[in-house]
Amino acid sequence: MCELLIFCVHSPLYYGIYKDKKLDSTYTLSEKTSRALLQLYTHTKKEYKIQNIYYANGPGNLSTLKLLHTFLHTWALIEDIGLFAADSFTLMPNAPIYAFGNKYFVKNDEKIEFVALDMTPQCAFLFPQILNPALFDKKPEPFYVLPAI
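Going by my numbering, the residue at position 81 of the sequence shown is 389; the numbering climbs one at a time, nothing skipped.
Following this line, the structure appears as structure tokens:
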């Protein structure tokens, strides 16, 4: 049995396979989220027996998060897989999270702010070597953070 960690708050989609809570392999899919999720599902279904899925539920690009949330909840329900979520900053601390255009989410003193950045930050996602389930919520809900219109 394996566990799957997904980080997809915009393109690309990153996913890693954990065995006994230790990182075993990682993958990056640069396609649009709808195609990337299908590739992720096809690959993991063929190669692994997934017991639990862990993912970042936001903030991030709203369209990506909606698609990811719906896809993962459906997958978990159909195949009786555990589903757990943490906010994006748990998996990418101290990094701006892309929203749209030149807008990003940043976390300062436990407060999430929506800011415009002139330069695109170059922050790569790094998988934790050890998966810590205590960082994830057992009842994942989407975490949409949007500015007032």
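All residues carry an ideal CB built from backbone N, CA and C; glycine is no exception.
- Beta-bridge partners assigned by DSSP to Ala364: Ala394.
- Under a 10 Å Cβ-count criterion, Ser396 is classified as buried, with 16 or more other Cβ atoms of the shown protein chains found around its own Cβ.
- Apart from sequence neighbours up to five positions away, the residues of its chain that approach Ala384 with a beta-carbon distance below 8 Å are Ile361, Gly390 and Leu391, ordered along the chain.
- Excluding residues up to 5 positions away in sequence, Lys357 and Gln359 lie with their Cβ nearer than 7 Å to the Cβ of Met309 in the same chain.
- For Gln437, same chain residues with a beta-carbon under 6 Å away, outside a window of 5 residues either side, are Leu331 in chain order.
- In this structure, Tyr326 sits away from Leu434, with a CB-CB distance that is not shorter than 8 Å.
- As DSSP reads the structure, Thr336 sits in a beta bridge with Tyr322.
- Take Leu348, set aside five residues on each side of it, and the residues of its chain with a beta-carbon closer than 8 Å to its own are Ile314, Leu321, Tyr323, Tyr335 and Leu337, in chain order.
- Approximately 20 Å separates the beta-carbon atoms of Tyr406 and Leu380; this is outside 8 Å, ruling out the contact.
- In this chain, the alpha helix (DSSP H) harbouring Ala384 covers Leu370 to Glu387.
- In the same chain as Thr398, and ignoring 5 residues on each side of it, the C-beta atoms closer than 6 Å to its own belong to Leu443, in chain order.
- Taking the CA atoms as reference points, Leu375 sits about 29 Å from Asp328.
- As DSSP reads the structure, Asp445 sits in a beta bridge with Ala393.
- In this structure, Pro401 keeps its C-beta atom at 8 Å or more from the C-beta atom of Tyr412.
- Of the residues Cys431, Asn369, Thr352 and Thr382, the one whose Cα lies closest to the Cα of Glu311 is Thr352.
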